[in-house]
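Engineer: Starting off with a structure, shown below.
Protein chains: 2
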Amino acid sequence: MRRWLPILLIVVWTGVQAGEGMWPPAQLPALADEMRSLGLRSDPESLADLTAYPMNAVISLGGCTASFVSADGLVVTNHHCAFGALQYNSTEEKNLLTGGFVAGNRDEEVFAGPGSRVLVTVEVKDVTGTILDKLATDLDGRERYQAIEDRQKALVAACEEDDGYRCRVSAFYGGLEYQLVKQLEIRDVRLVYAPPGGVGKFGGDIDNWMWPRHTGDFSFYRAYVGLDGLPADPDKKNVPYHPAHHLKVSPTGVGEGDFVMVAGYPGRTNRYRLATEVENVIQWSYPTRKVVFDQWLEIIEEETSDRPDAALKYASLVAGLNNAAKNYEGMLEGFAKSDVVERKEKLEEQLQAWIDENPERQERFHTAINNVQALVQEQQGTQERALYYEFMARRSSLLGAAQTLYRLSREQLKPDPQREPGFQERDLIRIRERLTRLDRTFDARVDRAAWTHFLRNYAAIPTGMHVEAMDQWFGIDGNKIDEKSMGQRLDTMYQDTDLADQDQRLAWMDRKPAAFEASDDPFIRLAVRLYDSDMVIEEEDKDLAGRFREARPRFMEALIAYLGSQGKAVYPDANSTLRVTFGTVKGSTPRDGLRYTPFTTLEGVVAKDTEQPPFDTPAGLLAAMRDPAQRRFADPRLGSVPVNFLSTLDSTGGNSGSPTLNARGELVGLLFDGTYESIISDWDFLPRKTRSIHVDIRYVLWVMDQLGGAGHLLDEMGVPMATELRAGAAGR
Amino acid sequence: MRRWLPILLIVVWTGVQAGEGMWPPAQLPALADEMRSLGLRSDPESLADLTAYPMNAVISLGGCTASFVSADGLVVTNHHCAFGALQYNSTEEKNLLTGGFVAGNRDEEVFAGPGSRVLVTVEVKDVTGTILDKLATDLDGRERYQAIEDRQKALVAACEEDDGYRCRVSAFYGGLEYQLVKQLEIRDVRLVYAPPGGVGKFGGDIDNWMWPRHTGDFSFYRAYVGLDGLPADPDKKNVPYHPAHHLKVSPTGVGEGDFVMVAGYPGRTNRYRLATEVENVIQWSYPTRKVVFDQWLEIIEEETSDRPDAALKYASLVAGLNNAAKNYEGMLEGFAKSDVVERKEKLEEQLQAWIDENPERQERFHTAINNVQALVQEQQGTQERALYYEFMARRSSLLGAAQTLYRLSREQLKPDPQREPGFQERDLIRIRERLTRLDRTFDARVDRAAWTHFLRNYAAIPTGMHVEAMDQWFGIDGNKIDEKSMGQRLDTMYQDTDLADQDQRLAWMDRKPAAFEASDDPFIRLAVRLYDSDMVIEEEDKDLAGRFREARPRFMEALIAYLGSQGKAVYPDANSTLRVTFGTVKGSTPRDGLRYTPFTTLEGVVAKDTEQPPFDTPAGLLAAMRDPAQRRFADPRLGSVPVNFLSTLDSTGGNSGSPTLNARGELVGLLFDGTYESIISDWDFLPRKTRSIHVDIRYVLWVMDQLGGAGHLLDEMGVPMATELRAGAAGR
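Chains C and U supply the protein sequences, listed in that same order. So the first sequence is numbered by the working numbering: it starts at 11 and just counts up by one. So the second sequence is numbered by the working numbering: it starts at 11 and just counts up by one.
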């Protein structure tokens, strides 16, 4: 399939709402006028250059964003993005999640844990032609899926011949375009600084998604490389990485109305889904998942309440589940007040009318909407299986490990290029890390209790969606479970397995399928038994995905052309690639009679503090907040040190930790959340209500300065005010 | 006792915070400069004249405030002030609380119910001399109490020789001054108009005390008098009262920053209490009463959930208890964030130091603080008895009736002037009304269930505070209750009593004590048994009150002198007399990062509406709100019709229904509530946070216009815009 029009070049960039849009950097020069009119003072052309300041300093942690803030590879991100590293380095005696962490010098910087990464995007190349050109037109879904995957793998393999880089092909506009993203992959990442939980997680789950907000959501890492300057395995001998560029910290910050932009790696948005897809999310997906997650949380709480060591292992998962559950709830509230489904229905009608009014369009797009519609309906037909079997019923950490290991043994029989993505040579290190990390996130009691619950849920779905091998293993008969025999089976499994032991677990990485098939480890045995039927499901899923990859781009092409004919811009949905969003520092009107003002201050922290988590500011810091003399880094317009601020920027999960830049591209804050009214912005952007929440860089500096021990880091970031003042103080 | 200084004249009115202060009208001329600087455009002198516009149009309903808005005695007040009248005129078939009420003409105007009153203040006279001059200095508490009461009664009796008037002596500054208040008492009050509950009580208990707010809290009464123009008993032959003045309605309203003032009858504030009194309120009174009220609410809910008729009878009490419970909760939250106790302690220290630095002051005031302190401690020693016995354990409606009736029979043995206030000839009509009204607020099942609970609470307090007659009656032994025998006793009481019958109940009003003492009606018998010990408690209470009446004025005198020496004003605490508060239309900052904007609009009602109570706007009105063409009375600055607004005014319970006047004294709204952050303003005024909530007169007019049927009332109020527009519409 050829694209009907060269999209990126022809879309008329007018009528864009300030704030809306997560723009690929390459598109920014086309938005120059608008960016300048909002206050940008640097060159938009320079923003498109990934090898120049500031984009070169913006990095991905895989799931979060971060940025270099010194020539010696110092990295700043959110506290909640460093959660895993804090958990990894915590002990029962010394909980870094509550106490924080300060490395007094580089020797004290500690490994952030297996799987921690710093990814520097060095190149983004349009590979649409390579992926889509000359694809046979009579391919079925499964074949189309495979053809695209094969071409992607070939591109990635060629790209990764360059040592130390990680490559990926990302689909844009639902597969209308493809880009090859090349990232330098630094795998020795160390924890440098984290404030106490009473700062970094101040407000906790209560304030999560809320405004007014007072969270000091920041932490520091450092990227290390081998003596040759190239990425290397974690090793004491490694040296700090020297990025080509690092962000300049602005200790004077921003004020209301000022231009701000955020560069980062937003994960996923769904702005171009059909009305029926949104409706299904409102009526089925979110309410159902909310219930499932709440139950999961309850089980973890119940099973860990008397065991702080186990609780620590699940802290990260609990934070994620809480966040997601609140997210679903907020989405549903937001949808209830929104007319997004009606608006989408109307847009689809208008689009169809526009298509039908012209023979050329009709020929090309007549079935564009209906084709997607049909696939969506097919997909929804198995959504209970997808949630209750594929997602939940196999969700024991040990079963997951067993399935990964057995699959790996099967994939390793094939030549590397033909293996399933995720099981190729390039993936082995990550598999090993995940299997290693399991020790720190697994507790048999919790795992078993949650799994038991999920199995009950699975048993209750229509039996047509059941998997025979699973039913047989646990003696599930129709929708009935014999609780006693399932209990005994589970007892035996957790008792007899060796997979809870790290060495034994890792040893399986090198074994052949026959060894698995001969094993009497109960988790391995179950993994072997489930394999065939899981493969059938996977083939079905791939076939559907292949058909989506034909239908969705055609719909997007029609939509882009239709909106383009009205002079309306269409930016691609977020897909974890580097994007820029720009706008201004601005409050909002969440409800009639109420305004969010754009800044919070130290005084607000004091007012919220209860001396109990999650409102437990360290006593010394609280005293400094109460002391009007301690107002270094204060904003004269506010008469206090700003803590958090709001902006009109367009962000989503994955943007966490993103540097917030001022009109000159200097660091003025870190994006870490959106307001409650913004939750549905993954589906629907509302300019009047959608707001991102940032921690003000002045609060970061103030906290580091007040808590002490971080003078060397302030120096390293070249924060002039702190340096001068400290020098002044020393001179007294 | 002679006042040391003539307070009202010497207090220097400077440094007053705009908004703070509930000023007696006579003091307004002294505040002329400040009122003018805030925007007042009428003459402050005229505001002091109770016989002139606008004060003459401001009336009391006893517990609420209202105002005349037509020459034919049309009265506007809050919907929640007309709650009793709506309840009284409701039937199971036609619930006016939900459906509202419109009298299409004067014949359709219905009696507001026994006890409904319109009170027009015609004179306020300083009688401090008459009350306090030449009081013997060696009186004990009980004697002082009696001497003051006798003089008050004599003044009231003389004042009420003028037929149709009601008089009262009110204490100011804790008894440092006394004023005789004379009010015309109109007792034929009729219900004219009330919007449906989905407007008048929109938001219900959920929104109570809250901002943003969208409540159309207004209703209309009309005052009727005899053909001679004088107050008369309710009678179809009566004619509308013609007030000397009525308020001019301003359909153009006010905007942010505009001057506003409110005239009304605020009930009670405690701004000059000692630190220990506030502390006791925080630690004992409010938390305890909150629990008691919540339990009471639970019992009513339980006992009426399946009986809408019984629920209707308790609707008013439930509203009151809910309001109080939320009030206590808000107070406690507010106190938790407040340093009021510390500030009061500091003030008391400073006052003591100021007293001690000068021999003359020392001689007069040395023990001023300590004397009050000692009495407060004495009072707190019996506070459990006051709550659990005096307030709760006798709180059966039938026992209350029996006690009132028996007390009346005893008081009637004395010459009228010597009878206890509340039981004099002048009080008989109110007693009869209360006893009559009981039918509409009493249900035996609820009464019994609540009383049983209160008796259990009473049994649990220290036995030293028990009343022997009560214990004996119910077989309470120490802290133990024999549930079974108490149950039987209660069964018998409710079964055998005749007091639930209105005629039988009222017949007791004319009987002698001997008849009571010979009666075998169980409630009468219990009332007789409790009489002697209750009299002992009453004597003790009066003795303490008499001593307070010596100590409190001395403290206030010292405080006024001390603050006066710093140029600080001291206004008297609210005491249900006519007061004026002035300030501006203004939002507030309840918390760091959050602002209440001063107006809400129709769009906010639409956003809150759920089609379910309490967010159930009538469908037709909701449609009009959604129709941008229906914007008569809109404010161009808001682009919509304002619904509610905030002001800096100082108000409290009793102010409900108060007319809000603009700079020219025209009606722009009705005060009906305060924000949650203002709840502790009864104890502590916080200029930055304390805000009153008003319904905008333009919303009142818009609703009446849209719902229809009220054209004659809009005409009667001379609302030009509506009249013109209607005339215009008719001409089309």
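Glycine included, C-beta positions come from ideal geometry on N, C-alpha and C. Note that the structure is predicted; figures quoted are calculated from it, not measured.
#1: Quick check on the DSSP output: the alpha helix (DSSP H) that includes Y155 of chain U runs from which residue to which?
#2: Go through its chain and collect everything with a Cβ distance to G344 of chain C's Cβ below 6 Å, but skip five positions before and after it.
#3: Compare the beta carbon distance of T446 of chain C and P669 of chain C with 8 Å and say whether it is the shorter of the two.
#4: At a Cβ threshold of 8 Å, is P222 of chain C touching chain U?
#5: Could you pull the start and end residues of the alpha helix (DSSP H) that V272 of chain U belongs to?
#6: Taking Cβ-Cβ distances below 8 Å as the criterion, which residues of the segment 343-358 of chain C are in contact with chain U?
#7: Check for me: the beta strand (DSSP E) holding N7 of chain U runs from which residue to which?
#8: Tell me, to the nearest whole angstrom, how far the beta carbon of V477 of chain C is from that of Y399 of chain C; I am working on the premise that it is less than 8 Å.
#9: What are the boundary residues of the beta strand (DSSP E) that Y203 of chain C is part of?
#10: If you draw a straight line from the C-alpha of M32 of chain C to the C-alpha of D217 of chain U, how long is it?
#11: If the cut-off is 7 Å on Cβ atoms, which residues from the segment 586-607 of chain U count as contacting chain C, listed in chain order?
#12: What residues from chain C crowd round E493 of chain U, counting only those whose CB sits closer than 9 Å?
#13: Counting only beta-carbon atoms, is G614 of chain C nearer than 8 Å to chain U?
#14: Since A633 of chain U meets chain C, which of its residues come closer than 7 Å, beta carbon to beta carbon?
#15: If you measure from the CB of Q372 of chain U, is any heavy atom of the ligand FMN nearer than 7 Å?
#16: From the beta carbon of A40 of chain U, is the nearest beta carbon of chain C less than 8 Å away?
#17: Distance check for G114 of chain U and G721 of chain U, CA to CA, integer angstroms please.
#18: Where does E676 of chain C land, buried or exposed, given buried means 16+ other C-beta within 10 angstroms?
#19: Start and end of the beta strand (DSSP E) containing T131 of chain C?
#20: According to DSSP, is K347 of chain U part of a helix, a strand, or is it coil?
#21: Kindly indicate which three-state DSSP category V120 of chain U falls into: helix, strand or coil?
#22: Given T507 of chain C, which residues of its chain have a CB within under 7 Å of its CB, disregarding the five upstream and five downstream residues?
#23: Use the C-beta contact count for G29 of chain C: other C-beta atoms within 10 angstroms, 16 or more gives buried, fewer gives exposed.
#24: In whole angstroms, what separates the C-alpha of F625 of chain C from that of Y234 of chain U?
#25: Mind checking which residues open and close the beta strand (DSSP E) that includes G679 of chain U?
#26: Could you pull the start and end residues of the alpha helix (DSSP H) that D457 of chain U belongs to?
#27: Based on the DSSP secondary-structure assignment, which residues constitute the bridge partners of V68 of chain U?
#28: Going by C-alpha to C-alpha distance, which of U:F228, U:D349, U:A36 sits closest to C74 of chain U?
#29: In the DSSP assignment, find the alpha helix (DSSP H) that holds D501 of chain U and state where it starts and stops.
#30: Per the contact definition of three or more C-beta pairs closer than 8 Å, is the segment 146-155 of chain U in contact with the segment 239-257 of chain U?
#31: Using a Cβ cut-off of 7 Å, pull out every chain C residue sitting near T225 of chain U, in sequence order please.
#32: If you count every other CB in all the chains shown that lies within 10 Å of the CB of R589 of chain C, and 16 or more means buried, which is it?
#33: Please check if any C-beta of chain C sits within less than 8 Å of the C-beta of T610 of chain U.
#34: So does the segment 284-291 of chain C actually touch the segment 378-396 of chain C, counting three or more Cβ pairs closer than 8 Å?
#35: Relative to the C-alpha of L106 of chain U, which residue among U:E159, U:R178, U:D143, U:P205 is closest?
#36: Three-state secondary structure (DSSP) at H89 of chain U?
Structural biologist: So, to answer that:
#1: 151-169
#2: I689, I690
#3: no
#4: yes
#5: Unbroken run through V272 of chain U is the beta strand (DSSP E), 269-274; no alpha helix (DSSP H).
#6: K347
#7: Residue numbering for chain U in the displayed model covers 11 to 742; residue 7 of chain U lies beyond these limits and cannot be assessed.
#8: 6 Å
#9: 198-204
#10: 38 Å
#11: R601, D602, G603, L604, R605, Y606, T607
#12: Residues of chain C passing the Cβ test: none, with the nearest at roughly 37 Å.
#13: yes
#14: Correct list: empty, because the minimum Cβ distance to chain C is about 16 Å.
#15: The ligand FMN is not part of the structure shown, which contains no ligands of any sort.
#16: no
#17: 9 Å
#18: buried
#19: 128-136
#20: helix
#21: strand
#22: L408, D531, P532, F533
#23: buried
#24: 59 Å
#25: 677-684
#26: 454-470
#27: U:S77
#28: U:F228
#29: 493-506
#30: no
#31: The contacting residues do not exist; T225 of chain U stays about 12 Å from chain C at best.
#32: buried
#33: yes
#34: yes
#35: U:P205
#36: helix
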